[in-house]
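Participant:
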Amino acid sequence: MLSSPPSPIRVPLTLATVTNALVKLRRSTSRTETIDSTSGQPKTHPSLQGEGATCMRKVPLAQTDLFSCRDAVDVPKLLRGSRASLLERAEYMGANVLVNESWECSIRVPRDRRHGSFKVLIHYYASASRSSLPDPQKPVALDQVQNVSGLMTIVDREELSP
């Protein structure tokens with residue numbers, strides 16, 4: 001007499017098992033949206049360009065910051081903060097201006113904008129120098145920024161090593 005093969009084990013379909021399967025599927029297929037912007041090639045403010053505006057010696061510096069923001073992202077404000085930290089380090093070394101500036105910004109958009117926070121990674125590069133002219137106190141290429149509109153609240157700032 002031939003016996004039939006054993007039946008496969010069946011898991012009863014419940015609302016919980018179906019929901020868990022859908023959540024796992026959604027997590028694996030969804031990608032986090034990012035908004036990237038960059039200043040492009042290194043630039044020097046027009047007031048600091050020209051023969052003799054700055055000394056020949058330039059010290060390259062880098063600043064990397066990770067901001068956590070709620071409700072919106074105002075990139076020029078975040079760039080201004082990163083640049084100010086870089087200028088402070090330059091002044092500690094005896095410089096008083098930043099030249100050859102460039103930056104990169106990456107905004108990670110939360111899945112749920114109402115309850116999530118935006119993670120903003122900023123890399124700011126510049127060279128420290130001395131000049132008889134004042135520093136412009138303003139990031140370069142602000143026309144290249146991509147913001148997330150609304151009223152931004154900075155929840156956290158973490159300075160990362162470059």
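Everything in the sequence shown is counted per UniProt numbering, starting at 1 for the first residue and increasing by one. Cβ atoms here follow ideal geometry from the backbone N, Cα and C, with glycine treated the same way.
Ends of the beta strand (DSSP E) at Glu-88?
Facilitator: Careful: Glu-88 lies outside any beta strand (DSSP E), inside the alpha helix (DSSP H) at 75 to 92.
Participant: Less than 7 Å between C-beta atoms, sequence neighbours within five positions excluded: which residues of the same chain meet that for Ile-107?
Facilitator: Thr-34, Ile-35, Val-73, Phe-118, Val-120, Val-148
Participant: Is the number of C-beta pairs between the region 135 to 143 and the region 63 to 72 that are closer than 8 Å three or more?
Facilitator: no
Participant: Measure the CB-CB distance between residue 175 and Arg-130 and report whether it falls below 8 Å.
Facilitator: Outside the shown range of the chain, which is 1 to 162, sits residue 175, and nothing can be said about it.
Participant: Which stretch, first to last residue, makes up the beta strand (DSSP E) that contains Ser-37?
Facilitator: Segment 34 to 38, the beta strand (DSSP E) holding Ser-37.
Participant: According to DSSP, is Gln-144 part of a helix, a strand, or is it coil?
Facilitator: Reduced to three states, the DSSP call for Gln-144 is helix.
Participant: So what does DSSP say about Thr-153, is it helix, strand or coil?
Facilitator: strand
Participant: Can you tell me whether Arg-70 is buried or exposed, with buried defined as 16 or more other CB within 10 angstroms of its CB?
Facilitator: With 16 or more Cβ atoms within 10 Å of its Cβ, Arg-70 is classed as buried.
Participant: Check residue 165 in the structure and name its three-state DSSP category.
Facilitator: Outside the shown range of the chain (1 to 162) lies residue 165, about which nothing can therefore be said.
Participant: Identify whether Leu-48 lies in helix, strand or coil by the three-state DSSP scheme.
Facilitator: DSSP places Leu-48 within a helical segment (H, G or I) once states are collapsed to three.
Participant: For His-123, list the residues DSSP reports as bridge partners.
Facilitator: Answer by DSSP bridge pairing, in chain order: Thr-64, Glu-104.
Participant: With H, G and I counted as helix, E and B as strand and the rest as coil, what does DSSP make of Leu-15?
Facilitator: Helix at Leu-15.
Participant: Between Met-93 and Val-145, how many whole angstroms is the CB-CB distance? I'm expecting something under 8 Å.
Facilitator: Going by Cβ atoms, the distance from Met-93 to Val-145 rounds to 28 Å, so no, they are not a contact pair.
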